[in-house]
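Have a look at the structure below before the remarks.
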Amino acid sequence: DAGVIQSPRHEVTEMGQEVTLRCKPISGHNSLFWYRQTMMRGLELLIYFNNNVPIDDSGMPEDRFSAKMPNASFSTLKIQPSEPRDSAVYFCASSSLAVRTDTQYFGPGTRLTVL
Amino acid sequence: AQSVTQLDSHVSVSEGTPVLLRCNYSSSYSPSLFWYVQHPNKGLQLLLKYTSAATLVKGINGFEAEFKKSETSFHLTKPSAHMSDAAEYFCVVSDQINAGGTSYGKLTFGQGTILTVHP
C-alpha cells in the first residue's frame, strides 16, 4: 500500500512565481483534504474534496490559492503569485468516508519556501 | 465550535520512564478524538482514535489514551518511553460539520507537544 503520495517534497521559489503542489490519494478513498502547517497557526484545513468536487474551501487564505481534483487519483494546490508568507509545509490527506469517526491518512508533505 | 488544547508545548522524559501528554477538548457533542505523531520531516501518523466505544483506547507502539467526558480530556500515556518516541504529538478533535450541502468530519488540531526522550 503506497499511502498518500505528494510531490515535490521540497520546493524553493522566488516571490511572484507560480507554485503547484501535487497529491495522489490512497486508491479507493473518495475524500481528499489539503492542510497547511506553520509555526504561527499550526495545522489548518485549506480545502476538502468529496468525489472530486470541492465541498469546503473556507480555509483557503485568498484568491492566490486554488485547488483542483480532475480525477479520483490526483489533486493539485496552486499558489499564484507566491509570497514569502506562504512558506509552510503543505499536507494532503485522504479518507474513505470523511465522517467524523473516519481516519485521515496523511502524506509526507511538501515543504515550500518562498524567497 | 470545536477546539483542542494541549497543555504542554514541550515534555521531556528519560528513557524507560512514563510518558504523559495532556489534551483537553471542546466540542458541541460527542466528538471523535485522535492522537497523531509527527517525526521530524515526516508526515502525520495515526497513533490511536476514540469514536465513542471503549473509553480506554490502545494504539500503536504501546501508547494508550483515556477519554474522560466529565473532564473533557483525552490524555496520551505510555508506561515506558523509548528514544524512538521523540517526536511531536498532536491531539485532534473531529466534529461533523455542514458545508456545501453535505456534512463531513472536520479535524481541528491542537498546537502540538514536542516529546524529548533523554538516554
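Protein chains in written order, with the working numbering: chain A, -15 to 99; chain B, 682 to 800. Backbone N, C-alpha and C fix where the C-beta goes; we use that ideal spot for every residue, glycine too.
With distances taken Cα to Cα, identify the nearest neighbour of residue i among the options.
| i | options | result |
| --- | --- | --- |
| Tyr710 (chain B) | B:Cys772, B:Lys739, B:Thr753 | B:Thr753 |
| Gln792 (chain B) | B:Gly781, B:Thr783, B:Val773, B:Gln777 | B:Val773 |
| Thr85 (chain A) | B:Tyr785, B:Ala780, B:Asp689 | B:Tyr785 |
| His763 (chain B) | B:His799, B:Ser733, B:Gly740 | B:His799 |
| Ser66 (chain A) | A:Val37, A:Glu(-5), A:Tyr19 | A:Glu(-5) |
| Gly(-13) (chain A) | A:Thr97, A:Val98, A:Leu99, A:Tyr89 | A:Tyr89 |
| Cys76 (chain A) | A:Ile39, A:Glu28, A:Trp18 | A:Trp18 |
Sorted by chain position, which residues of the same chain lie with C-beta nearer than 6 Å to residue i's C-beta, five sequence neighbours on each side aside?
| i | result |
| --- | --- |
| Pro49 (chain A) | Residue identity check: residue 49 (chain A) is Phe in the sequence provided, not Pro. Excluding residues within five positions, the ones whose Cβ falls inside 6 Å are Ile63. |
| Phe748 (chain B) | Tyr731, Thr736, Phe755 |
| His803 (chain B) | This structure cannot speak to residue 803 (chain B), because chain B is shown only from 682 to 800. |
| Asn14 (chain A) | Asn35 |
Strictly under 8 Å for the Cβ-Cβ distance: is residue i near chain C by that measure?
| i | result |
| --- | --- |
| Ser684 (chain B) | Given the protein chain composition of this structure (A and B), no chain C is represented. |
Given a cut-off of 8 Å, decide if residue j and residue i are closer than it, judged by their beta-carbon atoms.
| i | j | result |
| --- | --- | --- |
| Leu16 (chain A) | Leu61 (chain A) | no |
| Cys7 (chain A) | Ser71 (chain A) | no |
| Met53 (chain A) | Leu30 (chain A) | no |
| Gly93 (chain A) | Gln1 (chain A) | no |
| Gln777 (chain B) | Val83 (chain A) | yes |
| Met23 (chain A) | Pro68 (chain A) | no |
| Gly697 (chain B) | Ser761 (chain B) | yes |
Tell me, please, which residues DSSP counts as bridged to residue i.
| i | result |
| --- | --- |
| Asp776 (chain B) | B:Lys787 |
| Asp40 (chain A) | A:Tyr32 |
| Arg703 (chain B) | Partner(s): none; Arg703 (chain B) has no beta bridge. |
| Asn55 (chain A) | A:Phe58 |
So, for residue i: in the same chain, excluding its five sequence neighbours on each side, which residues have a beta-carbon less than 8 Å away from its beta-carbon?
| i | result |
| --- | --- |
| Thr87 (chain A) | Ser79 |
| Thr(-3) (chain A) | Val3, Ser66, Leu96, Thr97, Val98, Leu99 |
Does the ligand SAM have even one heavy atom less than 7 Å from the beta-carbon of residue i?
| i | result |
| --- | --- |
| Leu737 (chain B) | With respect to the ligand SAM, the structure offers nothing, as it holds no ligand at all. |
| Between the segment 717 to 736 of chain B and the segment 697 to 707 of chain B, do three or more beta carbon pairs fall short of 8 Å? | When C-beta atoms of the segment 717 to 736 of chain B are compared with those of the segment 697 to 707 of chain B, fewer than three pairs fall below 8 Å, so the two segments do not count as touching.
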